[in-house]
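K.L.:
So the protein sequences, as listed, match chains A and B.
If you're matching positions, the first sequence starts at 63 in the working numbering and goes up one per residue.
If you're matching positions, the second sequence starts at 155 in the working numbering and goes up one per residue.
Provided herewith is a single structure, encoded as structure tokens, for subsequent inquiry.
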Amino acid sequence: MTSFNGEAILETKQLSKRFGGLYAVKNVDISIRPGRIHGLIGPNGSGKSTLINVITGVYTPTAGEITFKNEILPPERASVRMERGMVRTFQTSRLFEELSVIENVMVGAHCRTKSGIIPILLKTRGVTAEEKNVRERAEYWLDFVGFEGDVCQKAKALAHAPRRIVEIARALISEPDVIFLDEPAAGMNPEEKLCLMELMCRIGELGNALVAIEHDMKVIMGICNIISVLNFGTKIAEGTPTEIQTNKAVIEAYLGEAKKNA
Amino acid sequence: MLKKILMWGSLALVAIVFPYAVSSYTLYLINLSGVYVILVIGLNYVFGFTGQISLAHAGFWGLGAYTSALLTTRFGFSFLGGLVISGLIGMAAGLLVGLPSLKLKGFYLAISTYAVGGIINLVLNNWSSVTRGADGIPGIPPPQIGSWVANTGMKKYYLMLVFVILVVVAFDRLKKSRIGRGLQALGDNEFAAESMGINTYVYKLIAFSASAICAAIAGSLFAHLIGYTSPDNFTSAESITLFCMLLLGGVRSTLGPVIGSVLLVLLPEFMRFLDEYCMLIYGICVVILAIWAPEGIMGFIGNRIARRQVAKNVMLSSQKSGVSECD
Ligand SMILES: Nc1ncnc2c1ncn2[C@@H]1O[C@H](COP(=O)(O)OP(=O)(O)OP(=O)(O)O)[C@@H](O)[C@H]1O
Ligand SMILES: [Mg+2]
């Protein structure tokens with residue numbers, strides 16, 4: 063992992079994404095620093111997931127630029143972005159259902175391994191060693207995220223909470239500089255949420271940057287160092303949890319909705 | 155460990171002694187099913203791993219068969235020379251047909267690959283100056299390596315055995331490697347695979363070309379095994395048969411294609427005495443399998459083993475084991 067002490071490792075400048083006539087993300091400036099847990103909140107449909115999708119290369123931005131490790135990123139495939147050191151989980155869990163739990167995590171190490179087809183067919187010593195190493199690392203990260211259970215069972219057999227943490231292990235194994243979690247706590251019970259918060263804190267201590275989208279304010283306010291708030295695709299506020307809790311624009315964005323609904 | 159040696163030893167013994175125990179016609183069928191095993195393993199790369207539907211498979215098979223047939227009968231190539239060039243041409247064709255898969259999915263990909271298979275068949279039928287059209291190409295020499303000529307059913311059997319083992323082992327090694335995991339990840343969730351660092355364009359092309367290489371090699375072996383090729387062997391209906399074999403044996407598994415192919419080549423022969431009821435029974439069997447073992451025979455067995463494994467792991471869960479080897 064590259065060290066960017068205190069400096070931003072990832073920055074967006076006037077980043078926008080338009081779908082037809084709708085700006086899902088509009089002129090967003092955001093700056094992600096290593097060693098911090100960065101919360102990303104906002105009402106439904108405010109563009110949080112889209113922002114992550116644009117940064118990680120799923121969508122090409124309509125306008126604006128992304129700087130990662132002091133380099134302005136060209137438009138490129140999501141797989142290339144992952145290789146550069148940014149990795150994410152998904153709002154709805156997307157495991158590889160027919161692969162086993164450990165294989166799922168091993169896929170995350172794909173871009174950090176390099177065995178080619180011919181050595182694999184010949185089963186050279188290098189290939190065997192690399193395979194063993196990846197398997198051990200996968201076990202390490204499964205342990206790290208607190209996965210308990212049979213690592214050989216197929217992913218489709220897992221319950222909801224274990225699925226979410228296996229996804230996190232699959233992301234961590236690639237030794238990312240920035241990791242995005244899209245609503246990791248959704249659908250978890252309070253106990254599982256506590257475990258997850260503790261896990262997120264430990265990930266923050268690894269030295270990489272952690273960005274978490276979350277609707278659960280207890281989770282967000284409990285662990286984030288800094289929070290950015292989106293509404294209708296634009297960033298309306300940014301600051302520490304206490305600042306955000308008392309910010310008028312944020313209260314308006316959340317409560318304004320409630321008023322309209324009432 | 156000892157158990158493994160014993161198991162493989164006895165399997166090898168059966169495989170070696172086997173041809174002495176059966177009639178020459180059965181041996182011919184077994185050799186033919188060897189060709190199908192290689193074909194179906196090829197299909198397993200593209201359909202089993204990545205979930206892409208390719209109905210051009212019989213076309214690639216024909217391409218390999220005709221390439222080998224022409225090279226050996228007209229241009230004096232050796233058996234192995236023809237085989238290698240068939241494989242290369244298969245790879246090129248696979249890459250070409252793989253290109254639309256980068257944009258097309260599911261039904262649309264099925265239709266477009268079906269068309270490719272049809273076009274290849276049309277060319278074989280109508281480009282008479284080269285392929286001799288519907289007459290086919292006769293007089294293809296039996297496989298020959300150095301001075302060793304596989305001119306009897308028995309020798310052909312051993313030759314096929316070697317090729318089948320090579321293809322099966324190659325598949326198994328790829329499956330358990332980072333590349334095999336990448337292919338399977340792509341099949342399970344394309345979006346997540348791309349986000350996890352797998353270039354899905356490259357991997358789809360890998361799947362298509364690996365699949366076509368297998369088909370072309372199977373074609374080359376087929377031509378030399380039978381000694382005659384005709385366009386009728388390589389119709390799109392054959393592509394569907396290959397899917398049946400794969401689904402019956404078990405998608406994605408290594409041994410599934412072996413079981414599926416051998417069963418579907420041999421069963422109709424053994425049920426011949428039933429005349430027209432044969433297809434009826436065949437149909438009923440397929441329905442029963444689809445209901446009770448939708449993941450094919452190997453999937454069915456695998457689930458059984460997994461269930462037992464879970465029970466065992468629950469019992470042992472107190473003592474945590476070291477490196478996990480899942481098989
Ligand atoms: N692929 C797409 N095509 C068209 N519109 C889209 C697409 N993806 C998102 N949108 C729209 O962009 C807006 C922002 O969506 P996004 O999913 O980013 O919101 P979100 O903040 O993640 O919301 P949630 O909290 O519900 O997950 C929404 O209005 C959504 O309908
Ligand atoms: Mg979202």
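All C-beta atoms in this analysis are idealised placements derived from N, C-alpha and C, irrespective of residue type, glycine included.
Just the Cα atoms here: how many angstroms apart are Cys263(A) and Ala247(A)?
P.N.:
As a working mapping, residue 263(A) is identified with position 201 in the first sequence. As a working mapping, residue 247(A) is identified with position 185 in the first sequence. If you take the alpha carbons of Cys263(A) and Ala247(A), they lie about 14 Å apart.
K.L.:
Can we say the region 149 to 168 of chain A touches the region 215 to 229 of chain A, given the rule of at least three CB pairs closer than 8 Å?
P.N.:
Output reads yes: the region 215 to 229 of chain A touches the region 149 to 168 of chain A.
K.L.:
Return the CA-CA distance between Phe229(B) and Leu313(B), expressed in angstroms with no decimal places.
P.N.:
Position 75 of the second sequence holds residue 229(B). Position 159 of the second sequence holds residue 313(B). So the alpha carbons of these two residues sit roughly 23 Å apart.
K.L.:
Got a sec: does ligand 2 put a non-hydrogen atom nearer than 7 Å to the Cβ of Asp244(A)?
P.N.:
Start at 1 with the first residue of the first sequence, and residue 244(A) comes out as number 182. Yes.
K.L.:
Using the Cβ count rule (16 or more neighbours within 10 Å means buried), how would you classify Met161(B)?
P.N.:
The count along the second sequence starts at 1 and reaches residue 161(B) at position 7. Met161(B) comes out exposed.
K.L.:
Per DSSP, Leu72(A) forms a beta bridge with which residues?
P.N.:
By 1-based counting over the first sequence, the position of residue 72(A) is 10. DSSP, once it has assigned bridges, lists Ile94(A) and Phe130(A) as partnering Leu72(A).
K.L.:
Drop a sphere of 10 angstroms on the beta-carbon of Val87(A), count the other beta-carbons inside from all chains shown, and report buried for 16 or more, exposed for fewer.
P.N.:
Here residue 87(A) is taken as the residue at index 25 of the first sequence, counted from 1. It is buried - the Cβ of Val87(A) has at least 16 other Cβ atoms within 10 Å.
K.L.:
Just the C-alpha distance for Ser255(B) and Val323(B), rounded to the nearest angstrom, thanks.
P.N.:
Locating residue 255(B) in the second sequence gives position 101, where the first residue counts as 1. Locating residue 323(B) in the second sequence gives position 169, where the first residue counts as 1. For Ser255(B) and Val323(B), the distance between alpha carbons rounds to 27 Å.
K.L.:
Could you confirm whether any beta carbon from chain B is found closer than 8 Å to the beta carbon of Arg98(A)?
P.N.:
Position 36 of the first sequence holds residue 98(A). With 8 Å as the cut-off, Arg98(A) does not count as an interface residue toward chain B.
K.L.:
Any heavy atom of ligand 2 inside 7 Å of the beta-carbon of Ser155(A)?
P.N.:
Sequence index remark: in the first sequence, residue 155(A) carries index 93 (1-based). No, the beta carbon of Ser155(A) sits no closer than 7 Å to any heavy atom of ligand 2.
K.L.:
Is Ile275(A) near ligand 2, in the sense that its beta carbon is under 7 Å from a heavy atom of that ligand?
P.N.:
As a position in the first sequence, residue 275(A) is number 213, starting the count at 1. True, at least one ligand heavy atom lies under 7 Å from that Cβ.
K.L.:
Against Asp386(B), what residues of chain A qualify as contacts under a CB-to-CB distance less than 7 Å, listed in chain order?
P.N.:
As a first step, residue 386(B) must be located in the second sequence, where it is residue number 232. Within 7 Å Cβ-Cβ: nothing; Asp386(B) doesn't reach chain A, min ~34 Å.
K.L.:
Of the residues Ile459(B), Lys259(B), Ser374(B) and Phe427(B), which one's Cα is nearest the Cα of Gly188(B)?
P.N.:
Residue numbering aside, residue 188(B) sits at position 34 when the second sequence is read from its first letter. Nearest of Ile459(B), Lys259(B), Ser374(B) and Phe427(B) to Gly188(B), Cα basis: Ser374(B).
K.L.:
Determine the contact status of Leu225(B) and Gly241(B), defining contact as a CB-CB distance below 8 Å.
P.N.:
Within the second sequence, residue 225(B) is the residue found at index 71, counting from 1. Within the second sequence, residue 241(B) is the residue found at index 87, counting from 1. Their beta carbons are not under 8 Å apart, which means Leu225(B) does not touch Gly241(B) by this criterion.
K.L.:
Phe345(B) versus chain A: which residues are under 7 Å apart at the beta carbon?
P.N.:
On the second sequence, residue 345(B) is found 191 positions in, with the first residue counted as 1. Those within 7 Å of Phe345(B) in chain A are Arg156.
K.L.:
Where does Pro385(B) land, buried or exposed, given buried means 16+ other C-beta within 10 angstroms?
P.N.:
Within the second sequence, the letter at position 231 stands for residue 385(B). So Pro385(B) counts as buried.
K.L.:
Whether or not the region 191 to 209 of chain A and the region 364 to 382 of chain B are in contact is what I'm after, with contact meaning three or more pairs of Cβ atoms, one per stretch, closer than 8 Å; do they touch?
P.N.:
They do not touch, by the three-pair rule.
K.L.:
Kindly indicate which three-state DSSP category Met148(A) falls into: helix, strand or coil?
P.N.:
One-based indexing of the first sequence puts residue 148(A) at position 86. Correct three-state label for Met148(A): strand.
K.L.:
What runs of the beta strand (DSSP E), each 3 residues or longer, lie entirely inside the region 379 to 423 of chain B?
P.N.:
Fully enclosed beta strand (DSSP E) runs of 3 or longer: not present.
K.L.:
From Ile294(B) to Tyr268(B), what distance separates their C-alpha atoms?
P.N.:
On the second sequence, position 140 is the one that residue 294(B) refers to. On the second sequence, position 114 is the one that residue 268(B) refers to. Going from the Cα of Ile294(B) to the Cα of Tyr268(B) covers about 28 Å.
K.L.:
Following the continuous beta strand (DSSP E) through His100(A), name the residue where it begins and the one where it ends.
P.N.:
Here residue 100(A) corresponds to residue number 38 of the first sequence, with the count starting at 1. From DSSP, the beta strand (DSSP E) with His100(A) extends over Ile99 to Ile103.
K.L.:
Contact between the region 142 to 149 of chain A and the region 356 to 370 of chain B is defined here as three or more beta-carbon pairs at a separation below 8 Å; is this criterion met?
P.N.:
Flag = no, the region 142 to 149 of chain A and the region 356 to 370 of chain B do not touch.
K.L.:
Take the Cβ of Met433(B) as the centre, count every other Cβ of all protein chains shown within 10 Å, and call the residue buried at 16 or more, exposed below.
P.N.:
Here residue 433(B) refers to the residue found at position 279 when the second sequence is read from its first residue. Exposed, because fewer than 16 other Cβ atoms sit within 10 Å of the Cβ of Met433(B).
K.L.:
Please enumerate, following chain order, all residues with a beta carbon closer than 5 Å to at least one heavy atom belonging to ligand 1.
P.N.:
The filter returns Phe81(A), Ala86(A), Asn106(A), Gly107(A), Ser108(A), Gly109(A), Lys110(A), Ser111(A) and Thr112(A), in chain order.
K.L.:
For chain A, find out if any of its Cβ atoms is closer than 8 Å to the Cβ of Arg335(B); answer yes or no.
P.N.:
As a working mapping, residue 335(B) is identified with position 181 in the second sequence. Output row for Arg335(B): interface = yes.
K.L.:
Using a cut-off of 7 Å between C-beta atoms, extract the partners of Gly295(A) located in chain B.
P.N.:
Reading the first sequence from its first residue, position 233 is the one you call residue 295(A). The premise fails here: Gly295(A) is roughly 22 Å from chain B at the closest Cβ pair, so nothing lies under 7 Å.
K.L.:
Would you check if the distance between the CB atom of Glu73(A) and the CB atom of Thr129(A) is smaller than 8 Å?
P.N.:
As a position in the first sequence, residue 73(A) is number 11, starting the count at 1. As a position in the first sequence, residue 129(A) is number 67, starting the count at 1. Yes. Within cutoff.
K.L.:
Select from the region 160 to 185 of chain A all residues with a C-beta closer than 7 Å to any C-beta belonging to chain B, and list them in chain order.
P.N.:
Per Cβ criterion, the list reads Glu160, Leu161, Ser162, Ile164, Glu165, Met168, Val169, Gly170, His172, Cys173, Thr175, Ser177, Ile179, Ile182, Leu183 and Lys185.
K.L.:
Can we say the region 340 to 354 of chain B touches the region 209 to 228 of chain B, given the rule of at least three CB pairs closer than 8 Å?
P.N.:
Because the criterion of three Cβ pairs below 8 Å is not met, the region 340 to 354 of chain B and the region 209 to 228 of chain B do not touch.
K.L.:
Excluding the five sequence neighbours on either side, which residues of its own chain have a C-beta within less than 8 Å of the C-beta of Thr395(B), listed in chain order?
P.N.:
The residue labelled residue 395(B) in the question sits at position 241 within the second sequence. Result list for Thr395(B): Leu418, in chain order.
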